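Under our numbering, the sequence shown has 903 at position 107, and the numbering climbs by one with no breaks.
Structure first, then comments.
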Amino acid sequence: MTKQYSLGFISHSQFEKEMRSPIWWEHLTTEKRNHPLIKEYIFEQEFGSHTFLESADTHLIRLGCKVLDRISLLNLSDIVVSLKPKDEWEYMQPGSTLIGWFNHLQLPPENLTNITNIKFLDLENLYIHAEGRQQKILYRNAYVAGECGVAQTLAELQKLDPYSPAIAQSGRLAVVLGYGNMGRGATVELLSQGVERVVVFSQRQPVVVEDKLPGVEYRQMEYSFGNTYELFSEGSRRPLIDGILAEADIIVNTTIPSQLQQKWTFIPENSFHQLKPNMAFIDPVHKCGHGADFTHVTELEEPVKLIRKANHSIWYNGCNAMPSYRPAYASYTISQGLLDHLDSLLAAVTGDRKVFSMSKSVVSD
């Protein structure tokens, strides 16, 4: 007889300003509710109240789901989904599985000495086949991160520095570095914000880049010996910082580090002064030292900050505020990803088939 599982969903993380919820109740179709591997759905009380205008408890109960307090949910669920766990494992039963993001923790939970017989599945490491290629199970979330990083930065700069060239320059030039899901999201948002000229760089030749957007220029870049270069059709190359990056009013870094290429350098340390004064460097990837020596995660309370060296300054957003910026939109996208690929999620729990099918060493641009 096929084993069935109790699947529990924590409403939102207990970490400060985390407002996203993992499930939009309207996505729980009859097919999903009657999934052969799921015995019951359990949701935390006041589910989604931090994200939406009201909690979804009444709707969830009407659909036949259980709604319980947090501790009871953790005690009874075989599988728990919590976007940013804090201490959920301390209340879960042996042999159960916790699914979420764990990069916000100082120590991975499996390294804690008091954890026994709990399986941890990191959403960052779960891959599926979608849109013709291998992608993270929540690959659409990267698209949202690119969109929100641009939207939040420009909204903040309207208040902080309306004379920044990212806001006030006539014929603004934005350069997007990388054209994966995050880069596409950033590019779409730049266009919707009325940025007049958008140039996208990818490791791929422009002729093979898919999903091109009208009105956007596509060019090729390569990393070599501590700098990143634009490649020209005749075979020559030039450091990006000596050309288009020095002209940019907005730069968006969406290149993803990998084991083969752990960091890129777009702005060498001695070239900071070549950037336009008070331009905007938007960094949804926000990995320390990736892209430039000044890149880092910015605080939730101050997402956009001034980076100053000598008498030269730019605006920088390390884009750590996605949990609280457009949370309903982000939650809708996460919910879609989890439920659209529920079979893959359950397969990762049961080990029936491999969903960790892409190595972190693969470069994504």
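Where a beta carbon is used, it is the ideal one built from N, C-alpha and C, also for glycine.
All values reported here derive from a predicted model rather than from experimental measurement.
Output yes or no for whether 8 Å exceeds the beta carbon distance between residue i and residue j.
i	j	result
Asn-1113	Thr-1094	yes
Gly-981	Gly-942	yes
Glu-1006	Val-995	no
Glu-985	Ala-951	no
Phe-843	Ser-809	no
Gln-1070	Ile-1037	yes
Leu-1027	Arg-1033	yes
Leu-833	Leu-1142	yes
His-831	Ser-1131	no
Leu-973	Asn-899	no
Ile-1103	Phe-1090	yes
Gly-860	Arg-829	yes
Leu-894	Pro-881	yes
Tyr-923	Asn-977	no
Val-1100	Leu-969	no
Could you say which of the options lies nearest to residue i if we only look at CA atoms?
i	options	result
Tyr-1019	Pro-1099, Arg-1000, His-808	Arg-1000
Leu-934	Val-972, Gln-889, Ser-1140, Gln-1016	Ser-1140
Asn-937	Trp-897, Asn-871, Phe-1068	Trp-897
Ser-1029	Thr-983, Phe-1068, Pro-1002, Gly-1011	Pro-1002
Ile-1052	Leu-953, Ser-998, Phe-1068	Ser-998
Cys-1115	Arg-1104, Cys-1084, Leu-803, Ile-834	Cys-1084
Gly-967	Asp-883, Glu-992, Pro-905, Gly-976	Glu-992
Leu-849	Glu-920, Pro-1123, Leu-1138	Pro-1123
His-1108	Pro-1073, Leu-1009, Leu-919	Pro-1073
Gln-954	Gln-989, Gly-928, Glu-927, Gln-930	Gln-989
Val-1004	Tyr-837, Tyr-975, Ser-1067	Tyr-975
Buried or exposed for residue i, going by 16 or more other Cβ atoms inside 10 Å?
i	result
Thr-826	exposed
Pro-1080	buried
Ala-1088	buried
Ser-1106	Going by the sequence as given, residue 1106 is Ala instead of Ser. With fewer than 16 Cβ atoms within 10 Å of its Cβ, Ala-1106 is classed as exposed.
Gln-1016	buried
Asp-865	exposed
Asp-883	exposed
Gln-1058	exposed
Gly-1147	exposed
Leu-1134	buried
Thr-798	exposed
Leu-903	exposed
Thr-854	exposed
If you reduce the DSSP assignment to three classes, tell me which class residue i lands in.
i	result
Glu-1013	strand
Asn-1066	helix
Pro-1002	helix
Glu-827	helix
Lys-1150	In this prediction, Lys-1150 has a pLDDT of 42, which is less than 50 and means its spatial position is unreliable; what the coordinates show is noted afterwards. The answer is coil: DSSP assigns Lys-1150 none of H, G, I, E or B.
Val-899	The residue you asked about is not Val; residue 899 is Asn in the sequence shown. In the structure shown, Asn-899 sits in coil (DSSP, three-state: anything other than H, G, I, E or B).
Leu-803	strand
Ser-1157	At Ser-1157 the pLDDT is 36, less than 50, meaning the model places this residue with poor confidence and gives no usable figure here.
Gln-931	strand
Glu-850	coil
Gly-1114	coil
Gly-1031	coil
His-1108	strand
His-975	Strictly speaking, residue 975 in this sequence is Tyr, with His absent from that position. Coil, per DSSP.
Ser-791	Any answer about residue 791 is impossible in this case: the structure gives the chain only from 797 up to 1161.
Thr-1061	strand
Tyr-923	strand
Val-1081	coil
Val-1093	coil
Asp-1007	coil
Asn-871	helix
Taking 8 Å as the limit between beta carbons, can you name the residues of its chain near residue i, skipping five residues before and five after?
i	result
Thr-1061	Tyr-1019, Gly-1022, Asn-1023, Thr-1024, Gly-1087, Ala-1088
Ser-892	Ser-873, Asp-874, Ile-875, Val-876, Ile-914, Lys-915
Met-1075	Ser-960, Pro-961, Ala-962, Ala-1044, Asp-1045, Ile-1046, Ile-1047, Ile-1110, Trp-1111
Asn-871	Tyr-887, Met-888, Gln-889
Gly-1011	Leu-987, Val-994
Spatial neighbours of residue i within its chain, please: CB distance less than 6 Å, with the 5 preceding and 5 following residues excluded, ordered by chain position.
i	result
Leu-856	Trp-821, Phe-839, Val-863
Ile-867	Tyr-887
Phe-811	Lys-880
His-1137	Ile-924, Ile-933
His-1092	Cys-1084, Gly-1114
Pro-1035	Asn-1023, Tyr-1025
Would you please verify whether the beta carbon of residue i is less than 8 Å from any beta carbon of chain B?
i	result
Tyr-939	The chain inventory of the structure shown lacks chain B, comprising one protein chain alone.
Near residue i, which residues of its chain fall below 7 Å by C-beta distance, leaving aside the five closest residues on each side in sequence?
i	result
Tyr-1121	Cys-944, Gln-948
Ser-1127	Arg-816, Ser-817, Trp-820, Thr-847
Lys-835	Gln-800, Tyr-801, Ser-802
Ser-851	Glu-842, Phe-843, Gly-844, Ser-845
Gly-979	Gly-942, Val-972, Val-996, Thr-1050
Trp-885	Leu-894, Pro-905, Ile-911, Ile-914
Lys-1156	With a pLDDT of only 38 at Lys-1156, under the threshold of 50, the placement of this residue in the model should not be trusted; the figure read from the coordinates follows. Correct list, in chain order: Ser-1054, Gln-1055.
Leu-919	Ile-895, Gly-896, Trp-897, Ile-933, Leu-934
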